[in-house]
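Here the structure is laid out as structure tokens; the discussion comes afterwards.
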Amino acid sequence: MGTPLDEDGNPIHEASDLGGSDSGGGNDKKSSGSKIQSLELKVDEIQNNPFQPRREFNPDEIASLAESLKNHQQLQPVLVRIVDGKYQLISGERRLRATIHAGLKTIRAEVRDADDRLVAELAIIENLQRKDLNPIEKALSFKRYIDEHKCKQDDLARRLSIDRSTIANLMRLLELPEAILDLLQAGEISAGHARALLPIGDEEVQIRTAGKIMEDSWSVRATESHVAELLKAEEDAETGKKIVNATRQKRKSISPQIESMQQEMRMIFGTKVEIKSSARGRGKITLHFSDPDEFERLRAILADAGQPPRLKVAG
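In this text, residue positions in the sequence shown follow UniProt numbering: the first is 1, and each later residue adds one.
See the structure below:
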């Protein structure tokens, strides 16, 4: 993802992905195998990109870019395609919004041939490279793509040339309650905080814990420690055991390495995980589920590509 970006955060060599090269001229041109037109379009002629993951645009950023466009003109054309005889935006929505904000009536554009799948992929790539796009918007763009094109996370990861764990970790956030997703989108908690809440099976406890994160300004590590304690307490309640000295001593016998592996796998699977290992290196991994829906979720993770990301760490 180390592609150089233009003033709108778009890959400068983006044209090569669609079979052409950028041009600053206003004449029609052709490249090998793909027609590319460069022209001035009226801003009200361009329809929005239906695959745009971004829901919110910072007004101050748009105003700043508008001022830049008035002073330095447009450095990079927006990309559009023709759908049902009308121009539809592929990328460059910030530039289009800034052009309108600046009071300009036209914008330089390049018309490309691109199907829905390619447009969706370019929209995802464009927004992944913008640090201010919130994780829920990214996760929703992944989910929409996978649902519409009936593919797996591995397929999308290969097409976007990104790690599958990036997709999996973001999409798992969508399992959280709506109240927590709202906090995440508003920037009240981070994606790391949200991931730490996933192993908690009770939505009310998740929401209450999110409130404590904000109230006490917990770090992600502090949140993970609190969740681990909640899971231990839940285990004691389920088995009817009280935390007595003998139990504490047994817990102390778990090696730091095993404890670290359990915590890491809890974050991966979003549920309580127990690892038991003998001196000879044999053992077992136990995944806990609270209802049929959670069982199906765990089954899907295990079935997808055979293993979830970094599962090998458990040995």
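In this text, a Cβ means the ideal position worked out from N, Cα and C, and glycines have one as well. Computed from a predicted model, the values in this text were never measured in an experiment.
Measure how close the beta-carbons of residue i and residue j come, nearest whole angstrom, since I'm counting them as under 8 Å.
i	j	result
ILE62	ARG108	ILE62 to ARG108, Cβ: 18 Å. No contact.
VAL83	SER91	With 8 Å as the limit, VAL83 and SER91 do not qualify as a contact, their Cβ atoms being about 15 Å apart.
LYS138	LYS42	Between LYS42 and LYS138 the Cβ distance is about 32 Å, and since that is not below 8 Å, they are no contact.
ILE46	LEU75	Between LEU75 and ILE46 the Cβ distance is about 18 Å, and since that is not below 8 Å, they are no contact.
ILE275	ILE258	5 Å
PRO199	LEU231	6 Å
ILE146	GLN185	No, ILE146 and GLN185 are not in contact; Cβ-Cβ is about 20 Å, not under 8 Å.
ALA194	LEU173	5 Å
PRO53	LEU140	6 Å
HIS149	ARG117	6 Å
ILE167	PHE142	5 Å
GLN206	ALA228	With 8 Å as the limit, GLN206 and ALA228 do not qualify as a contact, their Cβ atoms being about 15 Å apart.
Pull the bridge partners of residue i from the DSSP assignment, please.
i	result
LEU287	VAL273
residue 349	As shown, the chain starts at 1 and ends at 315. That puts residue 349 outside it, with no answer to give.
Which of the three DSSP states, helix, strand or coil, is assigned to residue i?
i	result
ARG297	helix
ALA191	helix
ILE207	helix
LEU176	coil
LEU302	helix
ILE200	coil
ALA157	helix
ASP163	coil
ALA186	coil
ASN169	helix
SER255	coil
SER225	helix
ARG144	helix
LYS152	coil
Under 8 Å between C-beta atoms, does residue i make it to chain D?
i	result
PRO135	Protein chains in the displayed structure number just one, and chain D is not present.
Every unbroken beta strand (DSSP E) inside the UniProt domain "ParB-like N-terminal" (39 to 128) [3 residues or more]: 78 to 83, 86 to 91 and 106 to 111
Inter-stretch contact (C-beta, 8 Å, three-pair minimum) for the stretch 206 to 216 and the stretch 169 to 180: yes
Meets three-Cβ-pair contact criterion under 8 Å: the stretch 152 to 162 and the stretch 189 to 208: no
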